[in-house]
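What follows is one structure encoded as structure tokens, with my remarks underneath.
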Amino acid sequence: SQQGEEDPQALSIQEGENATMNCSYKTSINNLQWYRQNSGRGLVHLILIRSNEREKHSGRLRVTLDTSKKSSSLLITASRAADTASYFCATPQTGAQKLVFGQGTRLTINP
Amino acid sequence: EAGVAQSPRYKIIEKRQSVAFWCNPISGHATLYWYQQILGQGPKLLIQFQNNGVVDDSQLPKDRFSAERLKGVDSTLKIQPAKLEDSAVYLCASSLGTSGLNEQFFGPGTRLTVL
Numbered sequence: 343s344q345q346g347e348e349d350p351q352a353l354s355i356q357e358g359e360n361a362t363m364n365c366s367y368k369t370s371i372n373n374l375q376w377y378r379q380n381s382g383r384g385l386v387h388l389i390l391i392r393s394n395e396r397e398k399h400s401g402r403l404r405v406t407l408d409t410s411k412k413s414s415s416l417l418i419t420a421s422r423a424a425d426t427a428s429y430f431c432a433t434p435q436t437g438a439q440k441l442v443f444g445q446g447t448r449l450t451i452n453p
Numbered sequence: 003e004a005g006v007a008q009s010p011r012y013k014i015i016e017k018r019q020s021v022a023f024w025c026n027p028i029s030g031h032a033t034l035y036w037y038q039q040i041l042g043q044g045p046k047l048l049i050q051f052q053n054n055g056v057v058d059d060s061q062l063p064k065d066r067f068s069a070e071r072l073k074g075v076d077s078t079l080k081i082q083p084a085k086l087e088d089s090a091v092y093l094c095a096s097s098l099g100t101s102g103l104n105e106q107f108f109g110p111g112t113r114l115t116v117l
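Residue numbers (this note's numbering), protein chains in the order written: chain F, 343 to 453; chain P, 3 to 117.
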């Protein structure tokens, strides 16, 4: 099955610093999505990047996709306390119209 | 625009009891999903509906879990009987269109504790 794996599992940085999370997957995909989950809440969609795109921006978020390396990264610039959350990448399961979520990166922003 | 609604938010039951969760998706969203999220893990898809038909239920433990989406709108997920390992957050999500690869909108989840 297709599954993205996030790295690192946990990340702790100071407010104002940049945070980078990575996602690796196994087979060809047509898109990859990133979601955020604050403690005790549901997931919130952040960005969808298609296989023919290399980079996408949304506010302080920057997502890159390298299909040759089968990897994606999520960069959060100028982090804030409110960015403390778990971040998940989701990739399509091979041969199926459904997403598979990774285990997530738990990001903590220290004031 | 109202988001995905779920109830109850929390539920505590004894093992072997039954429990039901309810989900109301965003109006007009054709596809509805139920996920199970165990603490420290990512969401795992249990069942996916397209309108009121099941698209994928390959990871649904059908001996104890059941789900329905009557009239292609609201959905209920039932566990009967519950086991200790069913303790998790149950997330409902919906998406516009019929592809399971579109952006998904999640509800707040129901946290189930089985004692």
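Every residue gets a Cβ at the ideal spot worked out from N, C-alpha and C, and that includes glycine.
| Check | Outcome |
| --- | --- |
| Where do the ends of the beta strand (DSSP E) carrying ASP58/P lie? | 55-58 |
| My output table needs one value for ALA84/P: the three-state DSSP class, helix, strand or coil. | coil |
| If you follow the beta strand (DSSP E) that ASP76/P is in, where does it begin and where does it stop? | From DSSP, ASP76/P is part of no beta strand (DSSP E); its letter is neither H nor E. |
| How would you call ARG448/F, buried or exposed, if buried means at least 16 neighbouring beta carbons within 10 angstroms? | buried |
| Looking at ASN373/F and ARG392/F, is the spacing between their C-beta atoms short of 8 Å? | yes |
| Any idea if ASP65/P is buried or exposed, counting beta-carbon neighbours within 10 angstroms, 16 or more meaning buried? | exposed |
| Residues of chain P with a CB under 7 Å from the CB of GLY446/F: which are they? | GLY44 |
| Determine which residues share a DSSP beta bridge with ILE389/F and list them. | TRP376/F |
| Would you mind giving the Cβ-Cβ distance between ARG422/F and ILE389/F, rounded to the nearest angstrom? I have them listed as a contact below 8 Å. | So it is not a contact: roughly 18 Å between Cβ atoms. |
| Are three or more beta carbon pairs between the stretch 49-64 of chain P and the stretch 14-21 of chain P nearer than 8 Å? | no |
| Just checking: is the beta-carbon of LEU449/F within a distance shorter than 8 Å of some beta-carbon in chain P? | no |
| Could you tell me if SER343/F is buried or exposed, where buried requires 16 or more neighbouring beta carbons within 10 angstroms of its beta carbon? | Reliability of the predicted coordinates at SER343/F is poor, the pLDDT of 47 falling under 50, and the value obtained from them is presented with this limitation in mind. That one is exposed. |
| Count the other C-beta atoms from every protein chain shown that fall within 10 angstroms of the C-beta of HIS399/F, then say buried if there are 16 or more, exposed otherwise. | exposed |
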